[in-house]
Amino acid sequence: MFTEQDLRQIAEHGLSAQQVELQLENFRRGFPHLNVVRAASPGDGVQVLDAAQADAAVKRYDEAAGRLGVVKFVPASGAATRMFKELFEFVNEGKRGPGIDTLLEHLRDFAFWPELVKVLPEGADDRTTVDAIVNKGLDYGHKPKGLVTFHAYADGARKAVEEHLVEGATYAASNGVARIHFTVSPEHMEGFRSLLAEKVPGYEKRFGIRYDITFSVQKPSTDTIAVNPDNTPFRQDDGRLLFRPAGHGALIENLNEIDADVIFIKNIDNVTTDALRGDTIRCKKMLAGVLLALQEASFAHLRALEAGTADLAEVAAFLEEKLCVKLPASYDAALLRAILDRPIRVCGMVRNEGEPGGGPFWVGNPDGTESLQIAESSQIAPEDLPLMKSATHFNPVDLVCGVRDARGGKYDLRQYTDPATGFISSKSSGGRELRAQELPGLWNGAMARWNTVFVDVPISTFSPVKVVQDLLRPQHR
4 MFTEQDLRQI
14 AEHGLSAQQV
24 ELQLENFRRG
34 FPHLNVVRAA
44 SPGDGVQVLD
54 AAQADAAVKR
64 YDEAAGRLGV
74 VKFVPASGAA
84 TRMFKELFEF
94 VNEGKRGPGI
104 DTLLEHLRDF
114 AFWPELVKVL
124 PEGADDRTTV
134 DAIVNKGLDY
144 GHKPKGLVTF
154 HAYADGARKA
164 VEEHLVEGAT
174 YAASNGVARI
184 HFTVSPEHME
194 GFRSLLAEKV
204 PGYEKRFGIR
214 YDITFSVQKP
224 STDTIAVNPD
234 NTPFRQDDGR
244 LLFRPAGHGA
254 LIENLNEIDA
264 DVIFIKNIDN
274 VTTDALRGDT
284 IRCKKMLAGV
294 LLALQEASFA
304 HLRALEAGTA
314 DLAEVAAFLE
324 EKLCVKLPAS
334 YDAALLRAIL
344 DRPIRVCGMV
354 RNEGEPGGGP
364 FWVGNPDGTE
374 SLQIAESSQI
384 APEDLPLMKS
394 ATHFNPVDLV
404 CGVRDARGGK
414 YDLRQYTDPA
424 TGFISSKSSG
434 GRELRAQELP
444 GLWNGAMARW
454 NTVFVDVPIS
464 TFSPVKVVQD
474 LLRPQHR
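Numbering-wise (my numbering), the sequence shown opens with residue 4 and increments by one.
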């Protein structure tokens, strides 16, 4: 099936022919749906901490942070295409919906207005004005969200990436150093580096800390081959195979290279202003404190199991009550040890108010256990979709991860994914239809075999910017 040129191209991507064959088989076979049992809810998979419990968790993290390696991990490689989709439709096709009316009516209320007015030609009409936002001018339609101006302050406006610098100083600093890692696209790397070189000294002075900022790009070895509608390899006009980025699930490779005790994960566009950041800071620390307590107990149980002194019933109770793993009727020490010896993530979950996104679910596993997972609608069989609609909570991507084992070593996170998850989508290239394959999402199938705990957090911690008009919401003013 593959020519010599194909094999060279595959090798250039860091892939093997066998891996590409497996990808082609996924196209032919499709991905199985998750074995969803029910939606997690308060008292059944979603913990709701009272004020005293939350205070204790915050204190636990604050007291431990100085001796921990802490990193804030921010996926920031996505372009702002969806954010400005309606604006492009107006500029390119003349389609004018209510969103454009809202944009133009409130133009002076956007934090980027002072920048925009400098590049607007005199007497600009509506279409020219919108064009200046997305194309030559601000060029926001071709930049990542991290480089878009989100918020206005008395001392100047901030771009989204700057708000993560502020967050990092407030809850992710250890011994005076805030380590922040951004995943970016290669073409935007210089834009991020240039902005941060300009802005970091001011934030270091303001917070009295030092920033240790690193970047990575999605690895070509995580790309997937594209196929024609008949599942044969899609070839470009020059005869070469077409490989496409496989979605944010590929970032498990980047996350795996982070050397830290505690890793906070949050999307680039989910930030708020200084005035409203208090809940976010408190909840991040709370989630980290919950993680530390779970790790300490898990490690103690593991050591007891390895020494042969464990009370199996006590270990089983911890797994079911604290780590949210439902055990089969019959279990042994080997199963308990296997479940305990995994990375742990504590995920904030907000009350369902109709926002798009995945949610918290109980799923059945091949080893006879039930555990918690974040599931997207694409992973759920049509007959199970009513479960998603009935969910009390949804996933805001608010994770705190423990990636070290009981001996202090770092888990190989690639060993805790579910390669049987993923999805197929319809795309096009050069006007030709194709099918594309995405790897399991970073917080979906890429973390499917982690121990997962869900904790209720207030909606005030979730303020994403999916479309540009979201910047007019109170969370961004």
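Glycine is no exception: its CB is placed at the ideal position from the N, C-alpha and C atoms. Quick caveat, the model's predicted, so the values are computed rather than measured.
A check of alpha carbon separations from Ala20 across Ser188, Ser224 and Ala163 identifies Ser224 as the nearest.
Taking C-beta atoms under 8 Å as the contact rule, Ile255 and Thr420 qualify, at a distance of about 6 Å.
Here DSSP, grouped into helix, strand and coil, assigns Tyr174 to helix. When the alpha-carbon of Lys288 is set against those of Leu27, Thr6 and Val73, the nearest one is in Val73.
Look at Asn29 here: in three-state DSSP terms it is helix. Under the 10 Å beta carbon count, Leu107 is surrounded by fewer than 16 other beta carbons and is classified as exposed.
For the set Thr84, Asn454, Ala296 and Thr152, the Cα lying nearest the Cα of Val274 is the one of Thr152.
When the five nearest sequence neighbours on each side are left out, the beta carbons in the same chain lying within less than 6 Å of the beta carbon of Glu92 are those of Lys98, in order along the chain. When secondary structure is reduced to three states using DSSP, Thr225 falls in the helix class. DSSP places Arg345 outside both helix and strand once states are collapsed to three, so it counts as coil.
By the Cβ neighbour-count rule, Gly149 is buried, with 16 or more other Cβ atoms within 10 Å of its own. Within the model, the alpha-carbon separation for Ala59 versus Ser466 is close to 26 Å. Each of Ser188, Lys208 and Asp112 was checked against the Cα of Ala79, and the nearest Cα belongs to Ser188.
For the pair Asn454 and Arg354, the CB atoms are not nearer than the 8 Å cut-off.
Taking 8 Å as the cut-off, the Cβ atoms of Val77 and His16 do not count as close. Pairwise C-beta distances place the region 385-394 out of contact with the region 285-302, as fewer than three of them are shorter than 8 Å.
When DSSP reads this structure, Trp116 sits in no beta bridge, so it has no partner. Val318: member of the alpha helix (DSSP H) spanning Leu315 to Glu324, first to last residue.
In this structure, Asn257 is the residue among Ala451, Pro363 and Asn257 with its C-alpha nearest to the C-alpha of Phe185.
Look at the region 74-141 and you find these whole runs of alpha helix (DSSP H), each 4 residues long or longer: 88-96, 101-108, 116-122 and 129-137. Close CB contacts of Thr217 within its chain, under the 7 Å cut and outside five residues either way in sequence, are with His184 (chain order).
As the crow flies, the alpha-carbon of Leu110 is around 58 Å from that of Leu339. Assignment of Ala307 by DSSP, reduced to helix, strand and coil, places it in the helix class. Boundaries for Ile183: no alpha helix (DSSP H) harbours it, while the beta strand (DSSP E) harbouring it runs Val180 to Thr186, taken from the DSSP string. The alpha carbon of His145 has as its nearest neighbour, out of Gly242, His191, Ala176 and Leu279, the alpha carbon of His191. Taking 3 residues as the shortest admissible run, the region 425-479 contains the following complete beta strand (DSSP E) segments, listed from N- to C-terminal end: 426-432, 435-441 and 454-459. Apart from the 5 residues on each side of it in sequence, Val51 sits with its Cβ closer than 6 Å to the Cβ of Pro45 and Asp459 in its chain, given in chain order. The Cβ atoms of Ala229 and Ala160 do not sit closer than 8 Å to each other.
Judged by DSSP secondary structure, Pro363 falls within the beta strand (DSSP E) whose first and last residues are Gly362 to Gly367. In the DSSP assignment, Ala42 falls within the beta strand (DSSP E) that extends over Val39 to Ala42. Counting only residues of its own chain and dropping the five nearest sequence neighbours on each side, Gly48 has a CB closer than 7 Å to the CB of Cys327, Pro363, Trp365, Leu375 and Phe457. Note that the C-beta distance between Val180 and Arg213 is below 8 Å. Taking all protein chains shown into account, Met4 has fewer than 16 neighbouring C-beta atoms within 10 Å of its C-beta and is therefore exposed. Annotation for Pro331: Gly371 place their beta carbon closer than 6 Å to its own, counting only its chain and skipping 5 residues before and after. Here the region 421-438 does not lie against the region 394-404, with fewer than 3 beta-carbon pairs under 8 Å apart.
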